[in-house]
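Asks: Going down the list, the protein sequences come from chains A and B.
Following this note's numbering, the numbering of the first sequence begins with -13 at its first residue and continues without gaps.
Following this note's numbering, the numbering of the second sequence begins with 207 at its first residue and continues without gaps.
Cβ coordinates follow ideal geometry from the N, Cα and C atoms, glycine included.
Got a structure here, written out as structure tokens. Questions coming.
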Amino acid sequence: MIRFEGIQRQYGSVRALAGLDLEIAEGELVALLGPSGCGKTTALRILGGFDHPTAGRVTVDGKDMTGVPANKRDMGMVFQAYSLFPNMDVRNNVAFGLRIRHEDKAKRLARADQLLELVGLTEHADRYPHQLSGGQQQRVAIARALAIEPKVLLLDEPLSALDARVRAQLRVEIRNLQQRLGITTLFVTHDQSEALSMADRVGVMNSGRLEQLDTPEQVYRHPATAFAAEFVGAMNRLPGRIGDAGDVQVLGQRLTVLNAEGHQPGSACEALVRPEAITIVRDAAGAGEVTQRTFLGASVRLEVLLDGGQKVLVEASSHDVGVGAGTRVGLRILTESVVVSDPGVAPDPEAVPAVA
Amino acid sequence: MSAIGGVGPDLVGGGSLLQEIEEAGTPGPPVTRRRRRPRAWRLVILVIAGLFYAIPFLAAVKYSLIQNDGSFGFANYSAIISNGDVRNALYTSLEISAISAFVVIALMLPTVVLVRLRLPKLTLMLEGVTILPLVVPPIVIAAGLAHLQGSAPEWLVKLWFNHPLTGLTPTYVVLAMPFTYRAIDTGVRAIDLRTLVDASRSLGASWAATLVRVILPNVETAVLGAVFLTIAICMGEVVLSSIMLYNGVLPVEMIQIGAQSPGISVAISILGLVFVFLLLFSLSFIAGRRRGSNSVRVI
């Protein structure tokens, strides 16, 4: 088990990590998700031994790793940039870690071949990195990281330099491999779909803090904070008013507030509602008018302008929605509970919904 | 094209003018003319430059082949081989070159890596420090060393100054620093140093193993360039070695022989030139081989 205990990291006046507490269970894949500069890569580099915390400690299976150098940690890492050694062919790249461990040559090359088979690159064993595509290079990097049979696998945005098709394919491959080998993995990404589709648990980070750590479904459906709600997926900010019983009145509906703490009854707020949690019906006397219709293949995204001037995004199955721009529609929120914006944030009727 | 802007006959012969304008508009023949001109100029420049270098070289070769009796032959060259002093001086200079090159690379490569990875703020200072040997004239360095030689305790003189190998090598390491620093720095800038180092460290490699097995092979061309520059300095430096009275090194030996037998001196110069040429040729061959291997990029 990996534990981050009150990890802080200060770079001059910039606080990259402001007391990170995190536990990763044996064989689990945890994805740290957040915008640039939120501290997710710093956390990963501290676990890998490439950076040192200003305060706090990291333990692996109860052993304090804080002062242990990177080369003594037994952690395989795959980097965002292509990191294969240009002077070695693919086989020797994979066998590098075993060579450092003075493994017998025949043994280490056999192990390298085994791992190349695992990532489907057996026939590329004699090629050099510059003769491989980006996706192939990252596959080799994964094989190389796994060759040393590490206790922990660290993935630092390994798919961000690849094109969409290869990214989607590798996402599945990495997850399958991780589950098959049961290797504890920390995965850092700013791509929410990557985090949601691959991780056992997703940690949403903001300004050096962990805003929420939960299963992908919980993070998506029941975000703990307004930031987590808005960062993961597209989000509408709809004006509402806090009720007496920890509820909120939005678009004429009464919904339960998930983060009611700090909100005064009767105060104005913004309820955060996902586009797919709103349904529309054609209604000449409805509350708004469709101003834009974007066909996305499986779904349709509609922009509805309410009579009060508020814009609302609605996403529905492309088979079900036949309305076009100019149609008057009525709206209905499907979910029973919502997150509202933090107290003190004034509602802005002109605000454009956040789209991720 | 001059006909277009011209007056007189062209204006009268309107047909030919039109034809010329049309020709100027077509991409075919004028492009060919434009391409031919630079090629011709290139050839002329190449020939002039070739003659500029070849004539003195060939004259020197011819001079070195003139024997004492006026006939042509290899007497001067065979005299070099049979001259024990020249042979010893050559060995000493080669030894100094090899040790200086090894020491300067062993010092500069880790320094450049350390500064780039951990102490980037020191880059400017390092550039300033490494350029000092170029700014301070060799005569000043020689004067300083001569003073030290004269005032140092006997044991230090015996240890340091008694042999050209110990006396000159540290100084040549300093003299080679500006060139080696810049060559290695350029090589290191060309690779993704941080990622390669992090990858190597995460796979269990120590700093030394990372330097030798990962960084060095990937800056091989730059390091070879630095080595050859160091060798060139060591084989040609004459001010320091002659002021410090080290007669047993090749450049000083050449001057001494030149005073007695100019033919042998010129023959040594030519051999030195060929030696440096072979070094540079092997460097460009290695660099070319690397570029060639990169060009077979699949995707």
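1) Starting from Cys255 of chain A and walking both ways along the beta strand (DSSP E), at which residues does that stretch end?
2) Considering only their Cβ atoms, is the gap separating Arg59 of chain A from Glu(-9) of chain A smaller than 7 Å?
3) Under a Cβ-count criterion, where at least 16 other Cβ atoms within 10 Å of its own Cβ denotes burial, should Ile227 of chain B be classed as buried or exposed?
4) Using DSSP bridges, identify the partner residues of Gly62 of chain A.
5) Shorter than 7 Å from the beta carbon of Arg497 of chain B to some beta carbon of chain A?
6) Contact criterion: CB-CB distance below 7 Å. Does Phe491 of chain B meet it with respect to chain A?
7) How big is the Cα-Cα spacing for Trp366 of chain B and Phe308 of chain B?
8) In chain B, what lies closer than 7 Å to Gly(-2) of chain A by C-beta?
9) For Val321 of chain B, which residues in the same chain have their Cβ closer than 7 Å to its Cβ, ignoring the five residues on either side in sequence?
10) Say whether the stretch 276 to 295 of chain B touches the stretch 432 to 450 of chain B, bearing in mind that this needs 3 or more beta-carbon pairs closer than 8 Å, one atom from each stretch.
11) Our contact map puts Ala215 of chain A next to Leu258 of chain A with C-beta atoms below 8 Å; I'd like the distance itself, whole angstroms only.
12) How far does the alpha helix (DSSP H) with Pro339 of chain B in it reach, from first residue to last?
13) Go ahead and pull the three-state DSSP assignment for Leu241 of chain A.
14) According to DSSP, simplified to helix, strand and coil, what is Ala11 of chain A?
15) Please identify, using Cβ separations under 7 Å, the residues of the stretch 391 to 412 of chain B that lie next to chain A, in order along the chain.
16) Leaving out five residues on either side along the sequence, give the residues of the same chain with a beta carbon under 7 Å from the beta carbon of Gly431 of chain B.
17) Would a check of beta-carbon distances place Asn424 of chain B closer than 7 Å to chain A?
18) Establish whether the CB of Val319 of chain B and some CB of chain A are separated by less than 7 Å.
19) Given a threshold of 16 other Cβ atoms within 10 Å of its Cβ, counted over all protein chains shown, does Thr171 of chain A qualify as buried or as exposed?
20) Closer than 7 Å between beta carbons: that is the criterion. Which residues of the stretch 427 to 461 of chain B meet it against chain E?
21) Does Gly121 of chain A come within less than 7 Å of chain B when only Cβ atoms are used?
22) Which residues, in chain order, does the stretch 60 to 80 of chain A contribute to contact with chain B at a C-beta distance below 7 Å?
23) Look at Leu476 of chain B and Ser299 of chain B and say whether their C-beta atoms are less than 7 Å apart.
24) Which class does Phe82 of chain A belong to by DSSP, given the choice of helix, strand or coil?
25) Rounded C-beta distance between Ser408 of chain B and Met61 of chain A? I'm assuming under 8 Å.
26) Starting from Val420 of chain B, find everything on chain A with Cβ-Cβ shorter than 7 Å and list it in chain order.
27) In chain order, what residues of the same chain lie with their CB nearer than 8 Å to the CB of Leu417 of chain B, ignoring the 5 residues before and after it?
28) If you draw a straight line from the alpha carbon of Ile(-7) of chain A to that of Leu107 of chain A, how long is it in whole angstroms?
29) Given 8 Å as the limit, is there contact between the stretch 110 to 122 of chain A and the stretch 73 to 85 of chain A, that is, 3 or more CB pairs closer than that?
30) Run down chain A in chain order and give the residues with a C-beta less than 8 Å from the C-beta of Ala415 of chain B.
31) What's the gap between the Cα of Leu167 of chain A and the Cα of Leu241 of chain A?
32) Just checking: is the beta-carbon of Asn351 of chain A within a distance shorter than 7 Å of some beta-carbon in chain B?
33) Examine chain B for any beta-carbon lying closer than 7 Å to the beta-carbon of Phe82 of chain A, and answer yes or no.
34) Excluding the five sequence neighbours on either side, which residues of its own chain have a C-beta within less than 6 Å of the C-beta of Val267 of chain A, listed in chain order?
35) Does the contact criterion of 3 or more C-beta pairs under 8 Å hold for the stretch 292 to 311 of chain A versus the stretch 216 to 225 of chain A?
36) Grab me the residues of Arg31 of chain A's own chain with a C-beta within less than 6 Å of its C-beta, minus the 5 sequence neighbours each way, in chain order.
Replies: To lay it out plainly:
1) Note, Cys255 of chain A: beta strand (DSSP E), 254 to 259.
2) Arg59 of chain A sits away from Glu(-9) of chain A, with the two beta carbons spaced by 7 Å or more.
3) Reliability fails at Ile227 of chain B, whose pLDDT of 37 lies under 50, so the model's placement of it is uncertain and the value that follows must be treated cautiously. Exposed: under 16 other Cβ atoms inside 10 Å.
4) According to DSSP, Gly62 of chain A bridges with A:Leu139.
5) Annotation note: pLDDT 48 at Arg497 of chain B (below 50); position unreliable, coordinate value reported separately. It does not: the Cβ of Arg497 of chain B has no partner Cβ on chain A nearer than 7 Å.
6) No, Phe491 of chain B does not count as interfacial toward chain A.
7) C-alpha separation (whole angstroms): 19 Å.
8) Listed along chain B is no residue with a C-beta nearer than 7 Å to that of Gly(-2) of chain A; the closest approach is about 12 Å.
9) Excluding sequence neighbours, Val321 of chain B sits near Leu328, Thr329, Leu332.
10) No, the stretch 276 to 295 of chain B does not touch the stretch 432 to 450 of chain B.
11) That pair is a contact at about 5 Å.
12) That run of the alpha helix (DSSP H) goes 329 to 341.
13) Of the three classes helix, strand and coil, the one that applies to Leu241 of chain A here is strand, per DSSP.
14) Note: Ala11 of chain A maps to coil in three-state DSSP.
15) Listed by position, the residues of the stretch 391 to 412 of chain B near chain A (Cβ gap below 7 Å) are Asp398, Thr401, Leu402, Asp404, Ala405, Arg407, Ser408, Leu409, Gly410, Ala411, Ser412.
16) Listed in chain order, the non-local C-beta contacts of Gly431 of chain B below 7 Å within the same chain comprise Ala389, Leu489, local neighbours out to five positions each way being set aside.
17) Chain A contact via Cβ: present.
18) Taking a beta-carbon distance threshold of 7 Å, Val319 of chain B does not count as an interface residue toward chain A.
19) Label assigned to Thr171 of chain A: buried.
20) Annotation note: the requested chain E is absent from the structure, which comprises protein chains A and B.
21) So, not an interface residue.
22) Those residues of the stretch 60 to 80 of chain A that come within reach of chain B (Cβ to Cβ, closer than 7 Å) are Met61, Gly62, Met63, Phe65, Ala67, Ser69, Phe71, Pro72, Asn73.
23) For clarity, residue 476 of chain B is Ile in the given sequence; the question names Leu instead. No, these two residues do not count as a Cβ contact at 7 Å.
24) Three-state DSSP puts Phe82 of chain A in a helix.
25) Separation of the CB atoms of Ser408 of chain B and Met61 of chain A is rounded to 6 Å, and the pair is thereby assigned contact status at 8 Å.
26) Chain A residues near Val420 of chain B: Phe71.
27) Residues of the same chain with a CB within less than 8 Å of the CB of Leu417 of chain B, apart from the 5 flanking positions on each side, are Leu315, Pro316, Val319 in chain order.
28) So the two alpha carbons sit approximately 39 Å from each other.
29) Result yes; three or more Cβ-Cβ pairs closer than 8 Å.
30) What Ala415 of chain B touches in chain A: Ile86.
31) The alpha-carbon atoms of Leu167 of chain A and Leu241 of chain A are separated by roughly 44 Å.
32) Limits of chain A in this structure are -13 at one end and 342 at the other, which puts residue 351 of chain A out of reach.
33) Interface residue, yes.
34) Result list for Val267 of chain A: Gly316, in chain order.
35) Counting C-beta pairs closer than 8 Å gives three or more between the stretch 292 to 311 of chain A and the stretch 216 to 225 of chain A, which meets the contact rule.
36) Cβ neighbours of Arg31 of chain A beyond the five flanking positions: Asp37.
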